[in-house]
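Protein chains in written order, with my numbering: chain G, 138 to 334; chain C, 138 to 334. All residues carry an ideal CB built from backbone N, CA and C; glycine is no exception. Below is one structure, written out as structure tokens; the observations come after it.
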């Protein structure tokens, strides 16, 4: 089965759209999704950016939230709202996702975190919020979080380095097995088509 | 007939895609396109940017040219290539377009300039290149350029100010009669659908 790697950052609004959309599209196309949570912070920093472009350029930021609203309606998804802290710090959630994607609850956790953060307004960095998503999946939230060890932390750092080395500079991104990079939720369908060609 | 205003900058790659795509889409939707050439320079400067984001962030720039190649293929358009000078200075072309859009050759001139610049590799600021596009339309290129007077220059400045006042921060952008703003060639179809709703 052909693979498409999905690179996402929990603080990224457009990653929310792709995280909720990708599974049914991949199923229909017969493509296996490789879910890769990573951190945009180091990648933005390497480009000389110290904040989200949506904060650096407020006119663009204001537009983005309006665009998100329209996009959510277009895709039939719960409407994403600006959280109290934006961009959130997705490190804990990304570490837990790294753990879960090696088990069988990773994708459900990813979708749950996006909904908790952008729809329910939970603070991304809040351990109780992350734990709550795990509890909602029938897992022992606190117990799972306690499994985040140095190996998980290193794995996330390596994923971020791999993303950067592949030419990923924003989120969401998609890479095909031949290394072709697609950036943005708007390119999800194109990336899927590329993966199966 | 419902109207959709199309804001474009000649140096903008994604504006090329929309400039070549918008007329048949509008015809099919029964929408009148209001073509508005403007200058991104002052709008970028107001956001604190002194160069194209594709030059400020080279990884993103490299990706953009690859994306453009794929997009042109997807839309069946001649493939846009990186010109010797990027971003080009579109002031003369935008002034001439402002003149032409008040006559009957504006849209053809706009398409001609994009093709000359991004496909044939002409330098955007080169008066001979702009004149050549006009000549190709059966006009007297040098004569038309000599008609660019203070009124035309002021009209272009006002268009840029109007774009900024409407919340336009990049190109291409589209605005519906109710003021709804759509940014990017990826939103052209959505903007068209909004215009007729």
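According to DSSP, residue 191(C) sits in a beta bridge with which residue or residues? For the purposes of this step, residue 191(C) is taken as the residue at position 54 of the second chain. Note: residue 191(C) sits in no beta bridge, so no partner.
Skipping 5 residues on each side, what residues in its chain have a beta carbon closer than 7 Å to that of residue 242(G)? Position 105 of the first chain, counted from the start, is the residue given in the question as residue 242(G). These residues qualify, in order along the chain: 274, 276.
Which residue marks the beginning of the beta strand (DSSP E) containing residue 311(G), and which one marks its end? Counting from one through the first chain, the residue named residue 311(G) turns up at place 174. Annotation: the continuous beta strand (DSSP E) that includes residue 311(G) extends over 310-313.
At a Cβ cut of 7 Å, what residues of the segment 152-177 of chain G count as close to chain C, listed as they run along the chain? Within the segment 152-177 of chain G, no residue has its Cβ closer than 7 Å to any Cβ of chain C.
Whole-angstrom distance between residue 216(G) and residue 303(C), CA atom to CA atom: Position 166 of the second chain holds residue 303(C). Position 79 of the first chain holds residue 216(G). Straight-line Cα distance between these residues: approximately 24 Å.
One question on the structure: do residue 300(C) and residue 175(C) come within less than 8 Å of each other, judged by their Cβ atoms? The residue you call residue 300(C) lines up with position 163 of the second chain. The residue you call residue 175(C) lines up with position 38 of the second chain. Yes, they are a contact pair.
Rounded separation between residue 233(G) and residue 281(G) - CA only: To locate residue 233(G), count along the first chain from 1; it is residue 96. To locate residue 281(G), count along the first chain from 1; it is residue 144. Answer to the nearest angstrom: the Cα atoms are 8 Å apart.
Hey, is the segment 186-195 of chain G in contact with the segment 282-291 of chain G, meaning 3+ C-beta pairs nearer than 8 Å? No contact exists between the segment 186-195 of chain G and the segment 282-291 of chain G.
DSSP state of residue 224(C) mapped onto helix, strand, coil: In the second chain, residue 224(C) corresponds to position 87, counting from 1. Coil.
Select from the segment 279-307 of chain C all residues with a C-beta closer than 8 Å to any C-beta belonging to chain G, and list them in chain order. Contact annotation: in the segment 279-307 of chain C, residues whose CB is within less than 8 Å of a CB in chain G are 304, 306, 307.
Can you check DSSP and say which residues form a bridge with residue 319(G)? Within the first chain, residue 319(G) is the residue found at index 182, counting from 1. In the DSSP output, where bridge partners are listed per residue, residue 319(G) has 311(G).
If you measure between the beta carbons of residue 142(C) and residue 168(C), is that distance less than 8 Å? Locating residue 142(C) in the second chain gives position 5, counting from the first residue. Locating residue 168(C) in the second chain gives position 31, counting from the first residue. No. Outside cutoff.
To which residues of the same chain is residue 205(C) closer than 7 Å at the C-beta, ignoring the five residues directly before and after it? As a first step, residue 205(C) must be located in the second chain, where it is residue number 68. Its chain contains 150, 217 as the residues whose beta carbon lies nearer than 7 Å to that of residue 205(C), once the 5 sequence neighbours on both sides are disregarded; these appear in chain order.
Going by DSSP, what residue range makes up the beta strand (DSSP E) through residue 144(G)? On the first chain, residue 144(G) is found 7 positions in, with the first residue counted as 1. Counting along the chain, the beta strand (DSSP E) containing residue 144(G) begins and ends at 140-145.
Once the 5 residues before and after residue 173(G) are set aside, which same chain residues still bring their CB inside 6 Å of it? Indexing the first chain from 1 puts residue 173(G) at position 36. Cβ within range, chain order: 142, 144, 296.
List the DSSP bridge partners of residue 171(G). Position 34 of the first chain, counted from the start, is the residue given in the question as residue 171(G). Within the DSSP bridge table, the entry for residue 171(G) names 142(G) as partners.
Contact set between residue 184(G) and chain C, taken where Cβ atoms lie within less than 7 Å: For this step, residue 184(G) is matched to residue 47 along the first chain. The contacting residues are 194, 196.
Can residue 248(C) and residue 165(C) be called in contact, C-beta distance under 8 Å? Sequence index remark: in the second chain, residue 248(C) carries index 111 (1-based). Sequence index remark: in the second chain, residue 165(C) carries index 28 (1-based). Contact flag unset, no.
Same chain only: Cβ atoms within 7 Å of residue 264(C), ignoring 5 sequence neighbours per side: By 1-based counting over the second chain, the position of residue 264(C) is 127. 229, 282.
Figure out for me which residue from 306(C), 313(C), 191(C) has the closest Cα to the Cα of residue 182(C). Looking up residue 182(C) in the second chain gives position 45. Cα-wise, what sits closest to residue 182(C) is 306(C).
CA nearest to the CA of residue 333(C), picked from 324(C), 321(C), 318(C), 313(C): Translated into positions along the second chain, residue 333(C) becomes position 196. Ranking the options by Cα distance to residue 333(C), first place goes to 313(C).
State yes or no: is the C-beta of residue 261(G) within less than 8 Å of the C-beta of residue 147(G)? By one-based count along the first chain, residue 261(G) stands at place 124. By one-based count along the first chain, residue 147(G) stands at place 10. Yes, these two residues count as a Cβ contact at 8 Å.
Can you pull the chain C residues whose beta carbon is under 9 Å from the beta carbon of residue 212(G), in chain order? For the purposes of this step, residue 212(G) is identified with residue 75 of the first chain, where counting begins at 1. Ordered by position in chain C, no residue passes the 9 Å Cβ test against residue 212(G), which lies about 12 Å from the chain.
Pick out the complete alpha helix (DSSP H) segments inside the segment 234-282 of chain C, 4 residues or longer, and give them in chain order. Whole alpha helix (DSSP H) segments, 4+ residues: 243-251, 264-273, 278-282.
Residue interval of the alpha helix (DSSP H) (run including residue 288(G)): Working through the first chain from its first residue, we reach residue 288(G) at position 151. Its alpha helix (DSSP H) spans residues 287-302.
Note down, in chain order, each residue of its chain lying with its Cβ closer than 7 Å to the Cβ of residue 94(C), except the 5 sequence neighbours on either side. With chain C running from 138 to 334 in the structure shown, residue 94(C) is simply not present.
Kindly indicate if chain C contains any beta-carbon less than 8 Å away from that of residue 216(G). Looking up residue 216(G) in the first chain gives position 79. Chain C, which has no Cβ nearer than 8 Å to the Cβ of residue 216(G), makes this no.
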